[in-house]
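J.: One structure, pasted below without further comment.
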Amino acid sequence: MGEPHNEGEVVAQYAVAYDILHPYAAANDPQALQEMRLILGEEADRLWKGIVIGEVGFGLFPVKIRLHETPHLDNWHIRAYGGLGLAAMALSEYTSGEGTPQEWADRALEMVTSSLDFQIEGRDGGYAEGPFYSRYAADVYLPYLFALKNRTGLDLFADPKIGKMHEWSLNLRLPNGRRPNIDDGHLDDFYGHYLAAVQANGGVHRWDWENNERGLYVRQFSEMDAIALYDDSVPAQEPTHGPSVFMPGAGDAVFRSDWSAAATYMLLRGENGTAREHGFAHEHPDGTSFVIYASGEMLALDAGYINFDNHDKVNKGSNHNVVLVDGKGPPRRILPVIGTIGDRNDAFIEGFFTSAAGDYAEVRAAYRGVELRRRV
């Protein structure tokens with residue numbers, strides 16, 4: 433396929449299918465089982481050796497850059513190596529590769545944990561690439577984390593950073609249950625049915641999953657996972673915190689009247705540090721921008737996302753609800769040929785509080801020679 437983020441998910445799904453079919457195929461069609469084993473083993477070994485994502489240099493001896501060697505870590509690494517980790521567990525006795533299943537497992541654990549650590553801001557759990565790509569990464573890291581917990585006893589759901597990321601996603605939810613389309617992102621959903629079984633506040637995640645205008649979200653081809661891992665003994669529970677939540681580390685101030693579908697909602701943005709810098713090419717220059725949702729619809733929109741090839745059409749400061757300076761918003765970081773590789777401008781959520789009279793927050797930024805402070 434040539435795209436690590438897709439190849440990782442394919443390997444993950446193939447590994448799960450192999451594991452499910454193994455008892456039947458072993459008893460009824462050993463030849464088919466051997467063929468499946470070889471296909472999965474070859475793909476896993478290729479992921480372990482490293483998918484080439486670019487070349488540097490000219491002439492007869494270019495230097496190939498492999499995914500696991502890049503200094504920037506993101507959803508590609510999480511998806512590719514989450515798939516490798518699942519394959520390592522499904523093929524624990526495989527002997528036909530250049531690498532062993534133990535080497536696959538070691539590479540997978542190292543890359544998934546270091547990539548999540550790189551992307552997640554530590555104070556509030558904001559995932560730097562935004563809520564859409566946190567869900568996209570979760571397509572593979574959640575099944576991988578479940579397999580690690582069930583097969584090896586290693587419970588990464590207990591990692592405080594990972595728990596905070598799942599809380600951050602919940603706190604961002606629109607009244608209709610979806611996630612806002614900020615940075616490179618579409619309106620999206622999350623896997624509350626997975627989290628209900630493993631997080632301390634699992635009932636809140638079940639409530640989040642069940643209260644979504646589009647119904648119960650399950651990734652295509654992951655329906656069996658949803659049935660097997662969903663714990664319906666955990667009762668759904670509306671969140672008791674908030675309803676307004678201020679997350680300055682993540683760069684998000686969420687105002688809401690209550691947790692119901694009829695709530696009035698506003699998201700005020702002010703990313704800095706990890707939350708801004710590690711989003712890299714998926715980051716938009718949207719400091720001081722806002723989204724408003726009320727009466728069941730969006731009233732103040734974010735530009736969101738088309739796809740990566742076209743994201744430069746909608747990721748400029750002027751595509752967001754920001755104050756323009758001489759017709760221009762906060763600057764992007766741009767490289768020739770490549771295009772946008774990030775937001776150049778820090779913004780800060782400050783002075784926030786909640787009270788019976790109302791909730792309040794400020795966002796501060798400076799760009800194009802002007803200092804700005806938006807008060808809500």
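The numbering used here applies: residue 433 is where the sequence shown begins, and numbers increase by one.
C-beta atoms are modelled at their ideal positions from N, C-alpha and C, and glycine is treated no differently.
Note that the structure is predicted; figures quoted are calculated from it, not measured.
Name the residue from LEU619, GLU599 and HIS618 whose alpha carbon lies nearest to the alpha carbon of GLY635.
T.: Checked all of LEU619, GLU599 and HIS618; the closest Cα to GLY635 is GLU599.
J.: For the alpha helix (DSSP H) containing LYS593, name the first residue and the last one.
T.: 592-604
J.: Are ALA793 and ALA685 touching if we call contact CB-CB under 7 Å?
T.: yes
J.: Ordered along the chain, which non-local residues of its own chain (more than five positions away) have a Cβ less than 6 Å from that of PHE622?
T.: ARG567 and SER601
J.: Evaluate ALA540 with the Cβ neighbour count: other Cβ atoms within 10 Å of its Cβ, from every protein chain shown; 16 or more gives buried, anything less gives exposed.
T.: buried
J.: Excluding five sequence neighbours on each side, which residues of the same chain lie with their C-beta closer than 6 Å to the C-beta of ASP620?
T.: PHE564, ARG567 and ARG611
J.: To the nearest angstrom, how far is it from the Cα of VAL630 to the Cα of ALA713?
T.: Using only the alpha carbons, I get a separation of about 32 Å.
J.: Just grab the DSSP bridge partners of VAL448 for me.
T.: In DSSP, VAL448 forms no bridge with anything.
J.: Between the Cα of SER547 and those of ASP587, PRO533 and HIS500, spot the shortest distance and give me the residue it belongs to.
T.: HIS500
J.: So, is GLU525 buried or exposed, given that buried needs 16 or more other C-beta atoms within 10 angstroms?
T.: Under this definition GLU525 is an exposed residue.
J.: Please specify which runs of the beta strand (DSSP E), each continuous and at least 3 residues long, are wholly inside the segment 702-777, giving them in chain order.
T.: 722-726, 729-732, 764-767 and 771-775
J.: According to DSSP, simplified to helix, strand and coil, what is ASP538?
T.: helix
J.: Classify VAL795 as helix, strand or coil using the three-state DSSP reduction.
T.: strand
J.: Who are the Cβ neighbours of LEU472 in its own chain at under 8 Å, not counting the five residues just before and after it?
T.: Contacts found: VAL443, TYR446, ALA447, TYR450, ALA519, ALA522 and LEU523.
J.: For GLN652, does the count of other Cβ atoms within 10 angstroms reach 16, so buried, or fall short, so exposed?
T.: exposed
J.: Counting Cβ pairs closer than 8 Å, one from the segment 577-588 and one from the segment 454-471, do we hit at least three?
T.: no
J.: Tell me the DSSP bridge mates of TYR559?
T.: ILE552
J.: State yes or no: is the C-beta of VAL746 within less than 7 Å of the C-beta of LEU804?
T.: no
J.: Using C-beta distances below 6 Å, list every residue in its chain close to MET375, excluding the 5 sequence neighbours before and after it, in chain order.
T.: Since the first residue of the chain shown is 433 and the last is 808, residue 375 is not available in this structure.
J.: Closest to PHE785 by C-alpha separation, out of ARG807, GLY774, TYR799 and PRO768, would be which residue?
T.: Residue ARG807 is the option with its Cα nearest to PHE785.
J.: In whole angstroms, what separates the C-alpha of ALA579 from that of TRP536?
T.: The alpha-carbon atoms of ALA579 and TRP536 are separated by roughly 15 Å.
J.: Determine which residues share a DSSP beta bridge with ALA685 and list them.
T.: PHE678 and LEU700
J.: From which residue to which residue does the beta strand (DSSP E) around GLU803 run?
T.: 802-807
J.: Sort out for me which residues DSSP pairs ASP620 with in a bridge.
T.: ARG611
J.: If you scan the segment 440-527 from start to end, which runs of the alpha helix (DSSP H) of 4 or more residues do you find wholly inside it?
T.: 462-481 and 507-522
J.: Is there contact here, the segment 642-662 with the segment 700-714, by at least three beta-carbon pairs under 8 Å?
T.: no
J.: Please report the residue range of the alpha helix (DSSP H) in which GLU642 lies.
T.: 634-642
J.: Would you check if the distance between the CB atom of ALA560 and the CB atom of THR706 is smaller than 7 Å?
T.: yes
J.: So what does ILE781 bridge to, in DSSP terms?
T.: Beta-bridge partners of ILE781 (DSSP): VAL795.
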